[in-house]
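A.B. asks:
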Amino acid sequence: MSDDLSTAMLRTESVDKSFVLHLRNGLSIPVLRHVGLSVHEGECLALTGPSGAGKSTLLRSLYGNYHVDSGRIWVRHEGTLVDIASASPRTIVRVRAGTLGYVSQFLRVVPRVATIDIVAEAARGLAPEAARARAEALLAQLNIPRRLHALPPATFSGGEQQRVNLARGFIGNHPVLLLDEPTASLDGENCDVVIDMILAAKRRNTAIVGIFHDARVRAAVADAIYPVSPLQDAA
Amino acid sequence: MSDDTLLSARGLTLRFGAVPALVDVDAELWPGEVLAVVGESGSGKTSLLNVLSGRCQPQSGVVWYRDPEGRLADVHAMPQPALRALHRSDWGFVHQNPRENLRMGVSAGGNVGERLMARGARHYGSIRAEAIAWLAQVEIDANRVDDLPSTFSGGMLQRLQIARTLVTHPRLVFMDEPTGGLDVSVQARLLDLIRSLVARLGIAAVLVTHDLAVARLLAHRIMVMQRGRVVEAGLTDQVLDDPQHAYTQLLVSSVLQA
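Chains as they are written, first to last, in this note's numbering: chain A, 1 to 235; chain B, 1001 to 1258.
1. Locate the beta strand (DSSP E) running through VAL1230/B, then write down its first and last residues.
2. Of all the CB atoms in chain A, is at least one closer than 7 Å to the CB of HIS1220/B?
3. At the level of alpha carbons, what is the spacing between ALA235/A and ALA133/A?
4. Give the DSSP-derived three-state secondary structure of TRP1030/B in the structure shown.
5. Going by beta-carbon coordinates alone, are ILE1138/B and ALA1121/B separated by less than 7 Å?
6. Once the 5 residues before and after ALA120/A are set aside, which same chain residues still bring their CB inside 8 Å of it?
7. Taking only the alpha-carbon atoms, compute the straight-line gap between VAL194/A and PRO182/A and give it to the nearest angstrom.
8. May I ask you to list the residues that DSSP assigns as paired with ASP1074/B?
9. Note the first and the last residue of the continuous beta strand (DSSP E) segment covering HIS1210/B.
10. Would you identify the three-state DSSP class for ILE1222/B, choosing helix, strand or coil?
11. Can you find the residues in the same chain that come closer than 8 Å, C-beta to C-beta, to VAL15/A, ignoring five residues on each side of it along the sequence?
12. Restricting to Cα atoms, I'd like to know which of PRO1058/B, SER1041/B, ARG1119/B and VAL1094/B is closest to ALA1077/B.
13. Secondary structure at GLY125/A, three-state DSSP: helix, strand or coil?
14. How about ALA1036/B and ILE1222/B: are their beta carbons less than 7 Å apart?
15. Going straight from the alpha carbon of VAL75/A to that of LEU10/A, what length do you get?
16. Chain A partners of GLN1158/B, CB-CB under 8 Å?
17. Name the two residues that bound the continuous alpha helix (DSSP H) containing CYS191/A.
18. According to the neighbour-count rule (16 or more other Cβ atoms, all chains shown, within 10 Å of its Cβ), is SER1008/B buried or exposed?
19. Does DSSP put PRO1243/B in a helix, a strand or coil?
20. Suppose you measure from the CA of ALA201/A to the CA of THR12/A; what does that come to, to the nearest Å?
21. Using a Cβ-Cβ cut-off of 7 Å, state whether LEU271/A counts as contacting chain B.
22. Contact check, VAL1025/B vs LEU1012/B under 8 Å by CB: the rounded distance?
23. Any chance the stretch 215–224 of chain A sits against the stretch 38–47 of chain A, with 3 or more Cβ pairs inside 8 Å?
24. Kindly indicate which three-state DSSP category GLU1139/B falls into: helix, strand or coil?
25. By the three-class DSSP mapping on this structure, what secondary structure does PRO1098/B have?
26. Going by beta carbon distance, what residues of the same chain come within less than 8 Å of ASP3/A, once the five residues before and after it are set aside?
27. Terminal residues of the continuous alpha helix (DSSP H) containing PRO30/A?
28. Identify each residue in the stretch 1003–1036 of chain B for which the Cβ-Cβ distance to at least one residue of chain A is less than 8 Å, and report them in chain order.
29. Assuming ASP1192/B contacts VAL113/A (C-beta within less than 8 Å), just tell me the rounded distance between them.
30. What whole-angstrom Cβ distance do ALA1136/B and PRO1031/B have, given they're in contact under 8 Å?
31. Taking the Cβ atom as the reference point for each residue, do HIS40/A and THR80/A lie within a distance shorter than 7 Å?
32. Of all the options GLY64/A, ARG108/A and GLY52/A, which has the alpha carbon lying nearest to the alpha carbon of ILE92/A?
33. Just reading off the alpha helix (DSSP H) that GLY54/A is part of, what are its end residues?
34. If we ignore side chains and look at the alpha-carbon of each, how far apart do LYS17/A and GLY1154/B end up?
35. Between which two residues does the beta strand (DSSP E) containing PHE19/A stretch?
36. Quick one: Cα of GLU1033/B to Cα of SER1254/B, how far?
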């Protein structure tokens, strides 16, 4: 698929990944085998499969958060293809800053920093004032009341923390966005907000790979499906 | 060694009697990059910091530093006055115990201004103004500028040390457990302060810590040391979330969840 090679924003070739547990006598658990997927500008690819099949492992591998055993993970970064699977840490830091965004399931931030600052800090290419204004608008869109913006999110509910995490993930307008269950702890109304944000990102030509447990959300945003199936605990 | 490398160490070896502190250690740092060195007590991480910064001579190996003009200098072959000048200007050192760096008999403002004077600043008014501006950056009230550090709390002393270190805009800062020994409530604020200052000023840093959470929040890259050897190195979140080496797996899985 030469067409794919020339236009895909993210594309994997035969990615294998296993976990070797040295504290369990070197037990090896294979999780991913021969993963080949691709996603283009303005497209959303949904990873599907039963719990424990390796969807999050795959998504984390695409971000360089997990180390893969073999294969390629090509990301189009500022016009050139970078292989996340073999890139140096410095290159991955640069690709994440410029191209590859990630919304994890859990918010992990410096304690005692105000919510507004956590979100504004993740903005790219905006002056501090503009970044704060954009952060406020995103938090408001995600129904985080203004009175909470100055508070650190540590005491927020799970759903509120997830929405802060989403604001932080979307403010950067990264060309490629990885979403790990972005609506897992959200109610129906907030799910609709997230669907709108994902559709708006697609219209801006963002390429998205996501895990969406909620079938309604998946149907609303996904253009294609990549099924991840559990491997036997071989070897 | 790439043309951009700020600091580069090759084959560092150091023994204290029969105890190996460093065994054939390589390290590299780019401008603006934060490298965390983690490991248990006695793993050699502080020895590495002392050798990289020229405070301690290795038995073998070499440390290169690239100055702002692009010239390479062998840190351990430098004459002592040149090394001291480097520590006063391009480099900074943040100790776990701020009293090792601060002059306890000199006012807070004097502690900050002294680094400027050592670099050649002479105008009293502008030195005082810059000292006050730096105290504000580290959230020390301007009306404490004439107070002695001995009247400060542990967290304030650490922030004062950071102001004293960063006032000359060093390109490279060595940090030895900068949040160690502080109350947890103070640690968070200090971490956020270090993170934002280092990012805004584009400072490169080598950070020694036994606290993996501190490494995760501050560092781009991480090196895991055990008995003087680097057993694993790489992107911070990859090493902490998907550790490959048995010792790193043990270290990561031993952390208590609060």
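Glycine included, each C-beta is placed from N, C-alpha and C at the ideal position. None of the values given here were measured: they were computed from a predicted structure.
C.D. replies: In brief:
1. Position 230 of the second sequence holds residue 1230/B. Taken as a continuous stretch (DSSP letters only), the beta strand (DSSP E) holding VAL1230/B covers 1229–1235.
2. To locate residue 1220/B, count along the second sequence from 1; it is residue 220. Yes, HIS1220/B lies at the interface with chain A (some Cβ there is under 7 Å from its Cβ).
3. On the first sequence, position 235 is the one that residue 235/A refers to. On the first sequence, position 133 is the one that residue 133/A refers to. Legend: pLDDT at ALA235/A = 43, less than 50; position of this residue unreliable, value from coordinates given subsequently. Cα to Cα, the separation comes out at about 54 Å.
4. Your numbering for residue 1030/B matches position 30 in the second sequence. Three-state DSSP puts TRP1030/B in coil, outside helix and strand.
5. Indexing the second sequence from 1 puts residue 1138/B at position 138. Indexing the second sequence from 1 puts residue 1121/B at position 121. The question names Ile, yet the displayed sequence has Val at residue 1138/B. Their beta carbons are not under 7 Å apart, which means VAL1138/B does not touch ALA1121/B by this criterion.
6. Numbered from its first residue, the first sequence carries residue 120/A at position 120. So the qualifying residues of the chain are PRO128, ALA131, ARG132, ARG134, ALA135 and ILE171.
7. Residue numbering aside, residue 194/A sits at position 194 when the first sequence is read from its first letter. Residue numbering aside, residue 182/A sits at position 182 when the first sequence is read from its first letter. For VAL194/A and PRO182/A, the distance between alpha carbons rounds to 8 Å.
8. Within the second sequence, numbered from 1, the residue matching residue 1074/B stands at position 74. In DSSP, ASP1074/B forms a bridge with TRP1064/B.
9. One-based indexing of the second sequence puts residue 1210/B at position 210. Note, HIS1210/B: premise wrong, no beta strand (DSSP E); not H, not E.
10. Here residue 1222/B corresponds to residue number 222 of the second sequence, with the count starting at 1. DSSP places ILE1222/B in strand when its eight states are reduced to three.
11. Along the first sequence, read from residue 1 onward, the residue named residue 15/A stands at position 15. Answer for VAL15/A: LEU32, HIS34, VAL35, GLY36, LEU58, SER61, VAL68, SER70, GLY71, ARG72, ILE73 and ALA85, listed in chain order.
12. Taking the first residue of the second sequence as 1, we reach residue 1077/B at position 77. The option with the nearest alpha carbon to ALA1077/B is PRO1058/B.
13. Counting from 1 along the first sequence, the entry for residue 125/A is found at position 125. Coil.
14. Position 36 of the second sequence, counted from the start, is the residue given in the question as residue 1036/B. Position 222 of the second sequence, counted from the start, is the residue given in the question as residue 1222/B. Against a cut-off of 7 Å, the Cβ pair of ILE1222/B and ALA1036/B comes out as a contact.
15. Translated into the one-based positions of the first sequence, residue 75/A becomes position 75. Translated into the one-based positions of the first sequence, residue 10/A becomes position 10. Roughly 5 Å separates the two Cα atoms.
16. By 1-based counting over the second sequence, the position of residue 1158/B is 158. Residues of chain A passing the Cβ test: none, with the nearest at roughly 16 Å.
17. Counting from one through the first sequence, the residue named residue 191/A turns up at place 191. Segment 188–203, the alpha helix (DSSP H) holding CYS191/A.
18. On the second sequence, residue 1008/B is found 8 positions in, with the first residue counted as 1. Buried, by the Cβ-count rule.
19. Position 243 of the second sequence, counting from 1, holds the residue named residue 1243/B. Three-state result, PRO1243/B: coil.
20. Position 201 of the first sequence, counted from the start, is the residue given in the question as residue 201/A. Position 12 of the first sequence, counted from the start, is the residue given in the question as residue 12/A. Their backbone Cα atoms lie some 22 Å apart in a straight line.
21. It is not possible to answer for residue 271/A, since the shown part of chain A is limited to 1 through 235.
22. In the second sequence, counting from the first residue as 1, residue 1025/B sits at position 25. In the second sequence, counting from the first residue as 1, residue 1012/B sits at position 12. Between LEU1012/B and VAL1025/B the Cβ distance is about 4 Å, and since that is below 8 Å, they are a contact.
23. yes
24. Position 139 of the second sequence holds residue 1139/B. DSSP places GLU1139/B in coil when its eight states are reduced to three.
25. As a working mapping, residue 1098/B is identified with position 98 in the second sequence. Residue state, collapsed to three classes: helix.
26. Mapped onto the first sequence, residue 3/A falls at position 3. Note that ASP3/A scores 48 on pLDDT, short of 50, meaning its location in the model is unreliable; the coordinates nonetheless yield the value given after this. Excluding residues within five positions, none has a Cβ falling inside 8 Å.
27. Taking the first residue of the first sequence as 1, we reach residue 30/A at position 30. From DSSP, PRO30/A is part of no alpha helix (DSSP H) but of the beta strand (DSSP E) over 27–35.
28. TRP1030 and GLU1033
29. Here residue 1192/B refers to the residue found at position 192 of the second sequence. Here residue 113/A refers to the residue found at position 113 of the first sequence. About 6 Å separates the two Cβ atoms, so the contact holds.
30. Walking along the second sequence from the start, residue 1136/B turns up at place 136. Walking along the second sequence from the start, residue 1031/B turns up at place 31. 26 Å between Cβ atoms; not a contact.
31. Indexing the first sequence from 1 puts residue 40/A at position 40. Indexing the first sequence from 1 puts residue 80/A at position 80. No, Cβ-Cβ distance for HIS40/A and THR80/A is not below 7 Å.
32. In the first sequence, counting from the first residue as 1, residue 92/A sits at position 92. Here the closest residue by C-alpha is GLY64/A.
33. For the purposes of this step, residue 54/A is taken as the residue at position 54 of the first sequence. Premise fails: GLY54/A is in no alpha helix (DSSP H) and is neither H nor E.
34. Taking the first sequence and counting its residues from 1, the one referred to as residue 17/A is at position 17. Taking the second sequence and counting its residues from 1, the one referred to as residue 1154/B is at position 154. Between LYS17/A and GLY1154/B, the C-alpha separation is close to 46 Å.
35. For this step, residue 19/A is matched to residue 19 along the first sequence. Element bounds for PHE19/A: 10–21.
36. For the purposes of this step, residue 1033/B is identified with residue 33 of the second sequence, where counting begins at 1. For the purposes of this step, residue 1254/B is identified with residue 254 of the second sequence, where counting begins at 1. Near 27 Å, if we compare the C-alpha coordinates of SER1254/B and GLU1033/B.
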